[in-house]
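Structure, as structure tokens:
Protein chains: 2
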Amino acid sequence: MAPSKKASSKKRAPRRSAAKKSPAKKKARTKKQPKYVYFFGGGAAEGNTGLRNLLGGKGANLAEMAGLGLPVPPGFTITTEVCNLSDPATDRYPKALAKQVEASLARLEEVMGKGFGDPKDPLLVSVRSGARASMPGMMDTVLNLGLNDRTVKGLALASGNERFAWDSYRRFIQMYGDVVMGLKPESAKAADPFEAVIERKKEQVGVEQDTDLTTAHLQELVREFKTLIRRKCKRSFPTDPREQLWGAIGAVFSSWTNERAEVYRKLNNIPASWGTAVNVQAMVFGNLGTDSATGVAFTRDPATGEHRFFGEFLVNAQGEDVVAGIRTPQQITREASKTWARENGVKEAERKRGFPSLEELMPECFGQLIDVAGKLERHYRDMQDLEFTIERDRLWMLQTRNGKRTATAAVRIAVEMVAERRITRNEAVLRVDPDQIDQLLHPMIDTRAPKTLLAKGLGASPGAASGMVVFSADDAVAAVADGHEVLLARIETSPEDISGMVAANGILTARGGRTSHAAVVARGMGTTCVAGCEALRIDYAGDRMSVGDSVIKRGDWLTIDGTSGEIFLGTVPTKQATVSADFSKLMGWADRVRKLGVRTNADTPRDSKVAREFGAAGIGLCRTEHMFFEGDRIDAVREMILAEDEDGRRKALAKLLPYQRRDFAGIFKVMDGLPVTVRLLDPPLHEFLPHTDAEYQAVARKAGVDVDTLKATGAKLHESNPMLGHRGCRLAITYPEIYAMQARAIIEAALQVAAKGVKVLPEIMIPLVGTASELERLRALVKETAEAVFAKKKKKIAYKIGTMIEVPRAALTADEIARHADFFSFGTNDLTQMGFGLSRDDAGRFLPDYVDSGVLPDDPFASLDGEGIGQLIEIAVQKGRATDAKLKLGICGEHGGDPRSIDFCHKVGLDYVSCSPYRVPVARLAAAHAALKES
Amino acid sequence: MAPSKKASSKKRAPRRSAAKKSPAKKKARTKKQPKYVYFFGGGAAEGNTGLRNLLGGKGANLAEMAGLGLPVPPGFTITTEVCNLSDPATDRYPKALAKQVEASLARLEEVMGKGFGDPKDPLLVSVRSGARASMPGMMDTVLNLGLNDRTVKGLALASGNERFAWDSYRRFIQMYGDVVMGLKPESAKAADPFEAVIERKKEQVGVEQDTDLTTAHLQELVREFKTLIRRKCKRSFPTDPREQLWGAIGAVFSSWTNERAEVYRKLNNIPASWGTAVNVQAMVFGNLGTDSATGVAFTRDPATGEHRFFGEFLVNAQGEDVVAGIRTPQQITREASKTWARENGVKEAERKRGFPSLEELMPECFGQLIDVAGKLERHYRDMQDLEFTIERDRLWMLQTRNGKRTATAAVRIAVEMVAERRITRNEAVLRVDPDQIDQLLHPMIDTRAPKTLLAKGLGASPGAASGMVVFSADDAVAAVADGHEVLLARIETSPEDISGMVAANGILTARGGRTSHAAVVARGMGTTCVAGCEALRIDYAGDRMSVGDSVIKRGDWLTIDGTSGEIFLGTVPTKQATVSADFSKLMGWADRVRKLGVRTNADTPRDSKVAREFGAAGIGLCRTEHMFFEGDRIDAVREMILAEDEDGRRKALAKLLPYQRRDFAGIFKVMDGLPVTVRLLDPPLHEFLPHTDAEYQAVARKAGVDVDTLKATGAKLHESNPMLGHRGCRLAITYPEIYAMQARAIIEAALQVAAKGVKVLPEIMIPLVGTASELERLRALVKETAEAVFAKKKKKIAYKIGTMIEVPRAALTADEIARHADFFSFGTNDLTQMGFGLSRDDAGRFLPDYVDSGVLPDDPFASLDGEGIGQLIEIAVQKGRATDAKLKLGICGEHGGDPRSIDFCHKVGLDYVSCSPYRVPVARLAAAHAALKES
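So the protein lines, in turn, are chains A and B.
Each residue of the first sequence is one higher than the one before, starting from 1 at the first, in the working numbering.
Each residue of the second sequence is one higher than the one before, starting from 1001 at the first, in the working numbering.
Shown next as structure tokens:
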């Protein structure tokens, strides 16, 4: 205040006005007490969803529903702020809290027409925690609070059900003893102490089920529970409802700082300062007789999206009974009830008697429920998942939330809600999770079908596939030729397995992660793949594999789920994918808002065609090495590698040229009018070498060389770390003739196809560039080659030359590299491998541990590591564009199909992402999400 | 001009003053002509070394000498500026040039007392290029310019030597025809056309030597040369001296843009805009008779550094004769002459008659030379390398430059010049090249000894060593035990070879670069090593190796030079290293100015002791994995790796604990009072696995396990890219017990040694950290372990926990990582491997090509890549210090001993570098250079 006074005297502010302000402030301060408790219910609420930070998620939602005038059991929420101001261990709370809780409790009694601790008709409450974000590890719930030896009698009287009352009391003590008084099992392996008492009782009285215990037994249990607590906790179970309430409030606040909650917060970056709220709510019972019930419902069908009310309920039951599935639940609408009866062979008379719908049984409550559901859907502007209880013909809404749904339902609901003018098109786009729509593009395992799990690997390429197991590519091709459906199982795949991979329904490997050869190729082809199932022991020689004691022989049938990574014995029914009109409509809306282009990674005309149909705007990565394995080409490739000198290499390359030209021509034709980025040869040469003696002999015979010489040459190509070895553009610095051949094949193919009226936009991409001078030289080589072709053919065509940014050093020196590039394409697989110092082929042994234990939030090969590797991309974008503002920037790593990575790409301002054909729709939608979230 | 006029009228500038300025400007323009030509000689010069950019290196130095009043053949320099303003192809030069050249030529005639083109006593000149930096590939020299059929007679007359005159003329036409008129060999394999004519002539007249050709023969040659030029160049040889001069000037300027010069400029980043100067200088001749001579001299002995004038000369000879070594040169001083005679068994009388010193022969010129030499040394303040010619008793200085010298001489000269008060101590420090002093610390090959080169590899650890070749560590140990000296030759070494490497005099490998296992270990031990000699084919089974057709069997002797990488047959004499008092003095001065601390990489007490003696201020990297191989430990290590579960691992680790504790205690003792940074286990576990069946059987026997099970476990540990695999801190995330054992051993050893009064400063370093959470967890593990030891022993000790920054991602997220680190140590080997995507084990196949062809300026494993990898270091320094301003920063990669890398470390503000023991003095000196160069 001192400096402010000084300032005001200097400024000669009018004294009077200053004097006036001061008492006014004081008055306000004494008048306005901090509000710690928010009441809801009775047709109104002090809070709403806008106060989520203060009331927690649960409290805010309850307030919102109550505020809408819906029949919510009334109650009140103690704010998250109180959590920070309190020390429950020493019973210290903000001064004003007790009074406000007391006032709210009084109001609750008034609304409910019952008294808290009233021995005649006691008000019972539940006490629940509720933080801003859902947080497992915190204290969850204490129900039936307010019961004691006196009020239990009142409850028995009021409910007319003595056993119900004593069972409620027994449950209350058990819950309270556990979560509030801390009477827990003594070790992870020990039994729950209360359950032990119950078990002993059942043995003693000779019954099997809890439900067989009589009221008298329950009364004994209550006594024994209280004795147990006194003995173990060194204090008595509190009989005063108010003491019970404060105990529960304190337990909720304390649970915010318990160990499990702290671990969870740390893992999920939730600040401790958020705190938790406490919700105290009047109990309602669906198990007070045949005029009571409890159920769950959806405002639309969560499986199909169809706009019809859908739900199940149980008469005279508690919420958990519906979930537990002990009794067969009944349908809410008459129509659904009839359908159910038809499907289950239940006659109409039997149905009406035994399984009537709520619509028939309690038409008034049903009407009210339909009304509430409509209100809630309109209010939240999304399909709702509701929980309700009917206590003595009175409907109470316990919860509402946006309902989970299948991909099919998500699309249909979003599109229909636009038609109903409930939401905008952009909102509809945001309503569908990009990751989820992958389901729509692949067949899926029928989740309801019975199945036996054999093992679990990594879901590497989505879909579901069944087939006879074979262990070699040749067997796969032969079996398919014989009309069989096969699954190809390999320890790991290599490019030689391509023919078998193409033939197989699905692929299964024992080693390798989501970016292993098998995974990448399978995703490219849209073939289901489970990779890295370490439990498999594959014995090629024995044509069999084992998992523990189970042995799978060649010809045995398995089914794999490429999304979950599960492997099932035999055949499991699958559901085919269908792309609906709704889906197309939604994707059109997505395309209109996205900024990022979506290209595809495709190496064949077939893949290119699929991708184009899925909406790819070009090819962002056409790998040429896969082409080197087909048919007889591999012989020429091996001849080239094992050649003694440049002449020998050139001779072998000349044999490859026509093949390559044909490859490119085929792709250019399919991609008429769209750009095609061709990456020149990337892998180390030894990947193409023969593996077996027989193969070596064959190559030696064809090349007319001595086998031993050949093997020696092969051995010299061995590398300790091939990932960091002689590959990519390094091959072309040493053997320029390789890239010269490829460049020639591209340009010749382009001219050839262009002559037929096809619009060809070739982009030649140099991989693994680490220094500007590499690119400078190879750009000159490609240009020279192209010019020579143009001169010879007397025709020209426009083309671009660019580079992958996949070596960290390239990202760091992108300003220099950009001088020689028309475009950059981020190879985020290698960038992640090198930036993280993590080989994707080897990481399978420890990376899952890293993710499970929270050392890493995600597998960085599945979702781009924005914090670390992302910096390299940002540096390269900034430096590249500083040199050339028009530099075209894309990403062609596996991350190009991952929604979170796409969001990153959008944020750093890339021009496009490129992903496998079947991920193209996912990427389109994710790109739209990124654009919409930004604005 | 228009906008400027408009502006002035708007501003209403006074017309009068503007009008006044304009003519003044014009006047200045007409008055002050640009100066294109700088004259030197006759006791004065218009230029000096300060004008190096304008006059080029050679021109500036000649001017400087002339300016000192020294007898330099006079001449003039046409500036580099003219190069940019001219187009020699079309004979276009700046307008004022011709006039200025003419004026300088006149002055030259005046000073020399001869006329250019004077048929009586012609002035002859040389024309030379001279850029700012020395530039091979440009036109070098045309001598004797000014000769034609008339002036040749004048020269004959004036020299009294007709043959000399015609030989000079013949040489002039030959040189001019080549470099100015472009008459060169028709292909790289073809003979020089002029030499072909001479050969034909010698055959024709039946003589062997050029010197046997008579005056008449030379006259014929001149005619034939001119005919040749007319025929081939389609124009006549110019007879007008002025035309000759302009032709030569044009040729110099043109040569600036010829292809070879452009390639060189590109490689060395020399901008084309620098241009070259042209030096035109009067010819002087040392071959005009017995009163003429030519020689070279050093102001101090370049081999020993002794302060005595030293040089050689030839009477009646040209400069090239001294270099060519056809005649035995004579000593300049009488003393040296006598010594020479004594050493060569030449009697005094014979010496005086046949090989007198210059001091005796031409005492006046000698006195003048001594005088000039003293002046030059005082002027340039460094030992000078002089070239002089005596033409008819007149001394001419042709060149002076700082003389090249051995390391011994460099140190002595620097220290003595400080004593003579010629230079400061800091200057003395800068006078000695850090790389060079490596010589002083290792034995060296006697360069004058005869030797036969077998092959050449990479100089991986300096020094020279001879020995009998053996091909296995066991053979090495056995042979040394028998009293032999051995060289261990391996395809590549692995940690199992350690015993043999320790025993051997030198190590030789066929694979691997300067940072291969062999190289790193050898440098650490100060053992000579030649690595990656790809020409070697080592046949372990045959106990032999071959290079081409040469076969080396076990027991054959070889000598290797670990600096040059050369391998010689048999034994070659070597010279032992001696560290002089001068050296110690110089290092003391270096230590006083350097900012960087210098630590060492040492894994044993022996290495630690050596390093401490060499001035290391602590251990920056103590690798613990080498310790795992000694004696029986490897068994326990293998037992640990192959254990089925944590219990098994803990049991094996318990066996290792006492060994590790002893290792650390030994090192701590030696490093009393200095910090010791211990890196916890880093390599992938499979590096410790058995290799042979026999080893597997031994391990299985000891562990009581089935061999096949053991092998299967081993096979599971195989990695595709071990560099990027399960290693470093990743091992400890999976198996925390490993680091726990190591931390315990360190802390227990520290307490144990400290109890004996030794000051222990342990720093525990976690390798391969890529994410902050890794370090956070492992820091907690180490701390917990240390606290447990403290509690048990009831004693405490201070220690630090830090991390390597060697994964690019760690550098990028250094701010987060610094939260858990007391220090960072840059592991630049791995940082380079990952940042460049370059495996050092595999790069040998293509990296040399990269460096040779200029794609990379240097091997990034030898000299830190400041442009790329350096950015990662800078980012980490900046981010790390932003989190913790006191964070200690060092480097422990191989680059820590490389002067250029040390300069980088100084610039980015690291606290210390750490290098192998024998590089410590090099690093100390390099650190001083870095500090001095900065200020």
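Ideal placement from N, C-alpha and C gives every residue a C-beta, glycine not left out.
Practice problem: Mind checking the stretch 809 to 825 of chain A against chain B and listing, in chain order, the residues whose C-beta falls within less than 7 Å of any C-beta there? | Solution: For the stretch 809 to 825 of chain A, the beta-carbon criterion of a distance under 7 Å to any beta-carbon of chain B is satisfied by Arg-809, Leu-812 and Thr-813.
Self-check item: Euclidean distance between Cα positions of Thr-571(A) and Arg-919(A)
Solution: The sequence position of residue 571(A) within the first sequence is 571, counting from 1. The sequence position of residue 919(A) within the first sequence is 919, counting from 1. Taking the straight line joining both Cα atoms gives about 26 Å.
Quiz prompt | Burial state of Lys-1058(B) (16 or more Cβ within 10 Å) | solution = Residue mapping note: residue 1058(B) aligns to position 58 of the second sequence, counting from 1. Result: buried.
Quiz item: Does the Cβ of Pro-658(A) have 16 or more other Cβ atoms within 10 Å, making it buried, or fewer, making it exposed?
Solution: The residue given as residue 658(A) occupies position 658 in the first sequence. Pro-658(A) is classed as exposed because its beta carbon has fewer than 16 other beta carbons within 10 Å across all chains shown.
Self-check item: Proximal residues to Leu-1143(B) (C-beta, below 7 Å), its chain only, five neighbours per side dropped
Solution: As a first step, residue 1143(B) is located in the second sequence; it is residue number 143 there, counting from the start. So the qualifying residues of the chain are Ser-1126, Arg-1171, Phe-1172, Met-1175 and Met-1283.
Quiz item: DSSP three-state call for Lys-26(A): helix, strand or coil?
Solution: As a position in the first sequence, residue 26(A) is number 26, starting the count at 1. Note that Lys-26(A) scores a pLDDT of 47, beneath 50, so its modelled location is shaky; the value from the coordinates is reported in the next line. Residue state, collapsed to three classes: helix.
Quiz item: Are there three or more Cβ pairs, one per stretch, closer than 8 Å when the stretch 837 to 857 of chain A is compared with the stretch 908 to 923 of chain A?
Solution: In the pairwise beta carbon analysis, the stretch 837 to 857 of chain A is classified as not touching the stretch 908 to 923 of chain A: fewer than three pairs are separated by under 8 Å.
Quiz item: Counting only beta-carbon atoms, is Arg-1132(B) nearer than 8 Å to chain A?
Solution: Indexing the second sequence from 1 puts residue 1132(B) at position 132. With 8 Å as the cut-off, Arg-1132(B) does not count as an interface residue toward chain A.
Self-check item: Residues within the stretch 1891 to 1912 of chain B neighbouring chain A, beta-carbon criterion of under 9 Å
Solution: Residues of the stretch 1891 to 1912 of chain B that bring their beta carbon within less than 9 Å of a beta carbon in chain A are absent altogether.
Quiz item: Can the beta-carbon of Asp-1682(B) be found closer than 8 Å to that of Met-1627(B)?
Solution: By one-based count along the second sequence, residue 1682(B) stands at place 682. By one-based count along the second sequence, residue 1627(B) stands at place 627. No, Cβ-Cβ distance for Asp-1682(B) and Met-1627(B) is not below 8 Å.
Quiz prompt | Three or more C-beta pairs below 8 Å linking the stretch 682 to 695 of chain A and the stretch 605 to 618 of chain A | solution = With the rule of 3 Cβ pairs closer than 8 Å, the stretch 682 to 695 of chain A does not count as touching the stretch 605 to 618 of chain A.
Quiz prompt | Terminal residues of the beta strand (DSSP E) in which Gln-281(A) lies | solution = Within the first sequence, numbered from 1, the residue matching residue 281(A) stands at position 281. Run containing Gln-281(A): 276 to 282, per the beta strand (DSSP E) assignment.
Quiz item: Roughly how many angstroms separate the alpha carbons of Ala-1191(B) and Glu-1203(B), rounded to a whole number?
Solution: For the purposes of this step, residue 1191(B) is identified with residue 191 of the second sequence, where counting begins at 1. For the purposes of this step, residue 1203(B) is identified with residue 203 of the second sequence, where counting begins at 1. Our two residues, Ala-1191(B) and Glu-1203(B), have alpha carbons roughly 16 Å apart in a direct line.
Quiz item: Of all Cβ atoms in chain B, is any one closer than 8 Å to the Cβ of Asn-829(A)?
Solution: Taking the first sequence and counting its residues from 1, one reaches residue 829(A) at position 829. No, its Cβ sits nowhere closer than 8 Å to a Cβ of chain B.
Quiz item: For Gly-41(A) versus Pro-74(A), is the C-beta spacing smaller than 8 Å?
Solution: Counting from one through the first sequence, the residue named residue 41(A) turns up at place 41. Counting from one through the first sequence, the residue named residue 74(A) turns up at place 74. In contact: Gly-41(A) and Pro-74(A) (Cβ atoms closer than 8 Å).
Quiz item: Of the residues Glu-335(A), Thr-304(A) and Glu-306(A), which one's Cα is nearest the Cα of Ala-312(A)?
Solution: In the first sequence, residue 312(A) corresponds to position 312, counting from 1. Here the sequence assigns Glu to residue 312(A), which means Ala is not the residue at that position. Cα-wise, what sits closest to Glu-312(A) is Glu-335(A).
Quiz item: Is Lys-1702(B) buried or exposed, if buried means 16 or more other CB atoms sit within 10 Å of its CB?
Solution: Within the second sequence, numbered from 1, the residue matching residue 1702(B) stands at position 702. Exposure of Lys-1702(B) is indicated by the presence of fewer than 16 other C-beta atoms within 10 angstroms of its C-beta.
Self-check item: Alpha-carbon to alpha-carbon, Val-1551(B) and Leu-1395(B)
Solution: Here residue 1395(B) corresponds to residue number 395 of the second sequence, with the count starting at 1. Here residue 1551(B) corresponds to residue number 551 of the second sequence, with the count starting at 1. For Leu-1395(B) and Val-1551(B), the distance between alpha carbons rounds to 57 Å.
Quiz item: Which residues share a DSSP beta bridge with Leu-569(A)?
Solution: On the first sequence, residue 569(A) is found 569 positions in, with the first residue counted as 1. Answer is Leu-558(A), bridged to Leu-569(A).
Exercise. Verify whether the separation of the beta carbon atoms of Gly-936(A) and Leu-488(A) is less than 8 Å.
Key: No statement about residue 936(A) is possible, as the shown extent of chain A runs from 1 to 935 and does not include it.
Quiz item: Candidates Ile-641(A), Thr-677(A) and Asp-582(A): which alpha carbon is nearest Lys-616(A)'s?
Solution: Mapped onto the first sequence, residue 616(A) falls at position 616. As written in the sequence, residue 616(A) is Ala, which differs from the Lys given in the question. When only C-alpha atoms are compared, the closest one is Thr-677(A).
Quiz item: Cβ atoms of Pro-443(A) and Gly-463(A): under 8 Å apart, would you say?
Solution: Position 463 of the first sequence, counting from 1, holds the residue named residue 463(A). Position 443 of the first sequence, counting from 1, holds the residue named residue 443(A). The answer is yes: Cβ separation under 8 Å.
Quiz item: Among the residues of its own chain, which have a CB less than 7 Å from the CB of Gly-1247(B), if the five just before and after it don't count?
Solution: Numbered from 1 along the second sequence, position 247 holds the residue referred to as residue 1247(B). If we look at Gly-1247(B) and ignore the five residues flanking it on each side, its Cβ neighbours are Val-1180 and Pro-1238.
Practice problem: Locate the beta strand (DSSP E) running through Ser-1914(B), then write down its first and last residues. | Solution: The residue you call residue 1914(B) lines up with position 914 of the second sequence. First-last of the beta strand (DSSP E) with Ser-1914(B): 1912 to 1915.
Quiz item: So, using beta-carbon positions, are Gly-459(A) and Asp-561(A) closer together than 8 Å?
Solution: For the purposes of this step, residue 459(A) is identified with residue 459 of the first sequence, where counting begins at 1. For the purposes of this step, residue 561(A) is identified with residue 561 of the first sequence, where counting begins at 1. The beta carbons of Gly-459(A) and Asp-561(A) sit closer together than 8 Å.
Quiz item: For the stretch 401 to 408 of chain A against the stretch 365 to 375 of chain A, are there 3 or more C-beta pairs whose distance is under 8 Å?
Solution: Cβ pair count under 8 Å is below three, so no.
Quiz item: Taking the alpha helix (DSSP H) that Asn-426(A) falls in, what are its first and last residues?
Solution: Position 426 of the first sequence, counted from the start, is the residue given in the question as residue 426(A). 425 to 431 is the extent of the alpha helix (DSSP H) around Asn-426(A).
Quiz item: Can you tell me whether Gln-871(A) is buried or exposed, with buried defined as 16 or more other CB within 10 angstroms of its CB?
Solution: Counting from 1 along the first sequence, the entry for residue 871(A) is found at position 871. Buried.
Quiz item: Which chain A residues sit within Cβ distance under 7 Å of Glu-1867(B)?
Solution: On the second sequence, residue 1867(B) is found 867 positions in, with the first residue counted as 1. Listed by position along chain A, the residues whose Cβ is nearer than 7 Å to that of Glu-1867(B) are Thr-813.
Quiz prompt | Sub-8 Å separation of Ala-1810(B) and Val-1782(B) beta-carbons | solution = What you label residue 1810(B) is simply residue 810 of the second sequence in a count that begins at 1. What you label residue 1782(B) is simply residue 782 of the second sequence in a count that begins at 1. In this structure, Val-1782(B) does not lie closer than 8 Å to Ala-1810(B) by Cβ.
Exercise. Consider the Cβ of Leu-681(A): report whether some Cβ of chain B lies at a distance smaller than 8 Å.
Key: By 1-based counting over the first sequence, the position of residue 681(A) is 681. Against chain B, the CB of Leu-681(A) has no partner CB under 8 Å away; the residue lies outside that interface.
Quiz item: Which stretch, first to last residue, makes up the alpha helix (DSSP H) that contains Ser-1608(B)?
Solution: Mapped onto the second sequence, residue 1608(B) falls at position 608. Ser-1608(B) -> alpha helix (DSSP H) spans 1605 to 1613.
Quiz item: In the structure shown, what three-state DSSP assignment does Asp-1898(B) receive?
Solution: Here residue 1898(B) refers to the residue found at position 898 when the second sequence is read from its first residue. Note: Asp-1898(B) maps to coil in three-state DSSP.
Quiz prompt | Cβ shell of Lys-1796(B) (< 6 Å), same chain only, five flanking positions each side left out | solution = To locate residue 1796(B), count along the second sequence from 1; it is residue 796. Closer than 6 Å at Cβ, skipping near neighbours: Phe-1790.
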